[in-house]
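The structure under discussion appears below in the form of structure tokens.
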Ligand SMILES: [Zn+2]
Ligand SMILES: [Zn+2]
């Protein structure tokens with residue numbers, strides 16, 4: 013037997029209702045804000061992620077699925093969604109359509125990590141990108157959109173954290189303050205952080221290692237090092253959040269895993285999820301498009317983890333819409349009844365009824381058993397006698413009641429039953 017690769021799952025059956033609910037809600041709410049999907053390839057040139065995610069990030073260092081194709085190109089399964097959207101924006105010259113440009117995306121992403129709850133090797137993200145606006149009102153729109161999606165999913169136990177990691181003018185000062193703070197403690201940190209000290213010092217603030225956690229509380233906070241421009245931008249954003257009654261908590265240690273963020277960063281965490289509790293994360297990345305070879309174009313976006321959101325839905329016992337079950341099962345008693353049954357199935361499906369018909373050529377007893385297992389609401393029984401008389405028998409599977417209905421009226425009879 014061939015098994016699925018480690019860190020992947022097969023999604024089917026009753027589990028699907030959660031996926032449909034999240035995906036449908038995401039599409040519905042993003043469209044209300046006029047964001048439409050951009051569908052980019054699942055693999056890209058490796059170079060895109062080296063430049064767009066950052067060579068010193070954990071993703072690029074440890075987690076990418078990189079391979080050479082038969083033509084000798086280095087390709088990588090996308091480990092995140094933003095760099096591909098930006099690549100597509102530049103490559104298709106979408107700036108010609110005017111700014112801002114707004115995109116959403118939804119699909120699988122791939123990271124080689126130790127599989128655990130809420131962290132798979134193939135997992136799924138939805139996200140949006142708002143390209144072209146440097147203003148805090150754009151940050152607000154993206155954050156509010158994220159909140160609206162969670163509210164539409166009927167989630168409650170989440171919290172919004174907002175930070176600001178500065179810009180290329182003020183971040184060096186913050187970095188220096190961090191270095192001064194951590195320098196004397198360097199020997200006490202985990203080995204990863206000892207390396208990050210030189211390459212990616214911001215990440216010391218969100219290291220999960222027990223050795224490093226105690227030092228995080230008193231570390232310098234980003235807010236104390238912002239330049240005038242960053243500070244103004246931040247205050248403006250907070251004034252919108254307050255004006256619209258969006259509750260949030262400030263976090264001066266909020267840094268994100270990717271290199272490209274500037275100014276606003278935010279995370280939405282769900283209280284039921286333990287260590288992997290971020291369900292949506294995002295921020296502003298004013299330098300990314302330039303990094304990828306385009307013109308300087310300020311942008312902001314977020315990504316949400318669908319698996320984690322589904323866990324949160326289950327933990328909060330949110331009722332999600334059930335998948336439509338088989339509504340009518342057509343039991344076929346004879347070969348001559350089959351064509352009539354196929355036609356009737358078609359007519360009912362055309363009117364929106366979920367119909368299944370015998371495909372196994374079973375006897376009536378086994379057909380009834382199967383219909384019961386499907387959870388069919390009604391079974392129609394069609395054989396030679398029925399067709400000769402022009403009267404069909406319909407059985408209500410819940411009550412066990414059988415009635416006879418004239419062949420001419422059967423479609424209307426069934427459609428009306430489901431309109432009740
Ligand atoms: Zn700044
Ligand atoms: Zn550490």
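Numbering (the numbering used here), first residue to last: 13 to 432. For glycine and all other residues, C-beta sits at the position ideal for the given N, C-alpha and C.
(message) Ignoring anything shorter than 3 residues, give me the beta strand (DSSP E) runs that lie fully in the region 302-330, in order along the chain.
(response) 311-317
(request) Consider the C-beta atom of residue 178 and the heavy atoms of ligand 1; say whether any pair is separated by less than 6 Å. (result) Mapped onto the chain shown, residue 178 falls at position 166. Residue 178: yes, Cβ under 6 Å from ligand 1.
(request) Check the C-beta distance from residue 213 over to residue 191 and give it rounded, since I have them as a contact under 8 Å. (result) As a position in the chain shown, residue 213 is number 201, starting the count at 1. As a position in the chain shown, residue 191 is number 179, starting the count at 1. Indeed, because the Cβ distance is near 6 Å, the residues count as touching under 8 Å.
(message) ligand 2 and residue 163: does the residue's C-beta get closer than 6 Å to at least one heavy atom of that ligand?
(response) Within the chain shown, residue 163 is the residue found at index 151, counting from 1. Checking the Cβ of residue 163 against ligand 2 gives no.
(message) Whether or not the region 336-349 and the region 387-406 are in contact is what I'm after, with contact meaning three or more pairs of Cβ atoms, one per stretch, closer than 8 Å; do they touch?
(response) yes
(message) Please report the distance separating the alpha-carbon of residue 258 from that of residue 275.
(response) Sequence index remark: in the chain shown, residue 258 carries index 246 (1-based). Sequence index remark: in the chain shown, residue 275 carries index 263 (1-based). C-alpha separation (whole angstroms): 19 Å.
(request) Measure the alpha-carbon distance for residue 41 versus residue 161 and round it to whole angstroms. (result) For the purposes of this step, residue 41 is taken as the residue at position 29 of the chain shown. For the purposes of this step, residue 161 is taken as the residue at position 149 of the chain shown. If I take the Cα positions, the gap works out to 6 Å.
(request) Note down the Cα distance separating residue 29 from residue 412, rounded to an integer number of angstroms. (result) Numbered from 1 along the chain shown, position 17 holds the residue referred to as residue 29. Numbered from 1 along the chain shown, position 400 holds the residue referred to as residue 412. If you take the alpha carbons of residue 29 and residue 412, they lie about 29 Å apart.
(message) Rounding to the nearest angstrom, what Cα-Cα distance links residue 420 and residue 428 in this structure?
(response) Against the chain shown, residue 420 aligns to sequence position 408. Against the chain shown, residue 428 aligns to sequence position 416. In a straight line, the C-alpha of residue 420 is about 14 Å away from that of residue 428.
(message) Beta-carbon distances below 6 Å to any heavy atom of ligand 4 define the shell here; list its residues in chain order, please.
(response) As for ligand 4, it is missing from this structure, which binds only ligand 1 and ligand 2.
(request) Report the rounded CA-to-CA distance for residue 404 versus residue 358, giving the unit in angstroms. (result) Taking the first residue of the chain shown as 1, we reach residue 404 at position 392. Taking the first residue of the chain shown as 1, we reach residue 358 at position 346. In a straight line, the C-alpha of residue 404 is about 17 Å away from that of residue 358.
(request) Reducing DSSP to helix, strand and coil, say where residue 96 ends up. (result) Taking the first residue of the chain shown as 1, we reach residue 96 at position 84. Residue state, collapsed to three classes: helix.
(request) For the beta strand (DSSP E) holding residue 295, just list the boundary residues, first then last. (result) Taking the chain shown and counting its residues from 1, one reaches residue 295 at position 283. 290-296 is the span of the beta strand (DSSP E), which, as asked, contains residue 295.
(request) Use the C-beta contact count for residue 360: other C-beta atoms within 10 angstroms, 16 or more gives buried, fewer gives exposed. (result) By 1-based counting over the chain shown, the position of residue 360 is 348. Answer is buried; the Cβ neighbour count reaches 16.
(request) Pull up the CB-CB distance for residue 116 and residue 140, whole angstroms please, since I reckon it's below 8 Å. (result) Position 104 of the chain shown holds residue 116. Position 128 of the chain shown holds residue 140. The pair is a contact, with the Cβ atoms about 5 Å apart (cut-off 8 Å).
(request) Could you tell me whether the Cβ atoms of residue 170 and residue 71 are closer together than 7 Å? (result) For the purposes of this step, residue 170 is identified with residue 158 of the chain shown, where counting begins at 1. For the purposes of this step, residue 71 is identified with residue 59 of the chain shown, where counting begins at 1. Going by C-beta atoms, residue 170 is not nearer than 7 Å to residue 71.
(request) Indicate whether residue 295 and residue 273 have their beta-carbon atoms separated by less than 7 Å. (result) For this step, residue 295 is matched to residue 283 along the chain shown. For this step, residue 273 is matched to residue 261 along the chain shown. Against a cut-off of 7 Å, the Cβ pair of residue 273 and residue 295 comes out as a contact.
(request) Could you check how far apart the C-beta atoms of residue 249 and residue 163 are, in whole angstroms? I think they sit under 8 Å. (result) Along the chain shown, read from residue 1 onward, the residue named residue 249 stands at position 237. Along the chain shown, read from residue 1 onward, the residue named residue 163 stands at position 151. No, residue 249 and residue 163 are not in contact; Cβ-Cβ is about 20 Å, not under 8 Å.
(message) Within a Cβ cutoff of 8 Å, which residues of the same chain sit near residue 100, ignoring the five residues on either side of it in sequence?
(response) As a working note, residue 100 is residue 88 in the chain shown. The residues are 50, 52 and 106.
(message) If contact is defined by three or more beta carbon pairs under 8 Å, each pair taking one atom from either stretch, is the region 324-334 in contact with the region 75-88?
(response) no
(message) Counting C-beta neighbours from all protein chains within 10 Å, is the total for residue 267 16 or more, i.e. buried, or is it exposed?
(response) In the chain shown, the residue the question calls residue 267 occupies position 255. Residue 267 should be labelled buried.
(request) Would you list the one or two residues that DSSP bridges to residue 369? (result) Counting from one through the chain shown, the residue named residue 369 turns up at place 357. Bridge partners of residue 369: 342.
(message) Could you check whether residue 265 and residue 198 sit closer than 7 Å to each other, using their CB atoms as the reference points?
(response) Numbered from its first residue, the chain shown carries residue 198 at position 186. Numbered from its first residue, the chain shown carries residue 265 at position 253. The answer is no: Cβ separation not under 7 Å.
(request) May I ask whether a heavy atom of ligand 1 can be found less than 6 Å away from the beta carbon of residue 181? (result) Within the chain shown, the letter at position 169 stands for residue 181. True, at least one ligand heavy atom lies under 6 Å from that Cβ.
(message) For a test of your reading of the model: does the CB of residue 338 fall under 6 Å from any non-hydrogen atom of ligand 1? Yes or no.
(response) Residue 338 sits at position 326 when you count from the first residue of the chain shown. No - ligand 1 has no heavy atom lying nearer than 6 Å to the Cβ of residue 338.
(message) Using the three-state DSSP reduction, which class does residue 336 fall into: helix, strand or coil?
(response) As a first step, residue 336 must be located in the chain shown, where it is residue number 324. Note: residue 336 maps to coil in three-state DSSP.
(request) Could you tell me which residues DSSP puts in a beta bridge with residue 282? (result) Along the chain shown, read from residue 1 onward, the residue named residue 282 stands at position 270. Bridge partners of residue 282: 170.
(request) Please work out which residues of its chain come closer than 8 Å, Cβ to Cβ, to residue 333, disregarding the five sequence neighbours upstream and downstream, and give them in chain order. (result) Walking along the chain shown from the start, residue 333 turns up at place 321. Answer for residue 333: 29, 32 and 33, listed in chain order.
(message) Just to confirm, is the Cβ distance from residue 121 to residue 91 under 7 Å?
(response) Stepping through the chain shown from its first residue, residue 121 is reached at position 109. Stepping through the chain shown from its first residue, residue 91 is reached at position 79. Against a cut-off of 7 Å, the Cβ pair of residue 91 and residue 121 comes out as a contact.
(message) When you compare the CB positions of residue 174 and residue 260, do they come within less than 7 Å of one another, or not?
(response) One-based indexing of the chain shown puts residue 174 at position 162. One-based indexing of the chain shown puts residue 260 at position 248. Yes, the pair counts as a contact, with Cβ atoms nearer than the cut-off.
(message) Check this for me: beta carbons of residue 125 and residue 73, under 7 Å apart or not?
(response) The count along the chain shown starts at 1 and reaches residue 125 at position 113. The count along the chain shown starts at 1 and reaches residue 73 at position 61. No, the Cβ-Cβ distance between residue 125 and residue 73 is not below 7 Å.
(message) Tell me which residue opens and which closes the beta strand (DSSP E) that residue 136 is part of.
(response) Here the question's residue 136 lines up with position 124 in the chain shown. Run containing residue 136: 134-143, per the beta strand (DSSP E) assignment.
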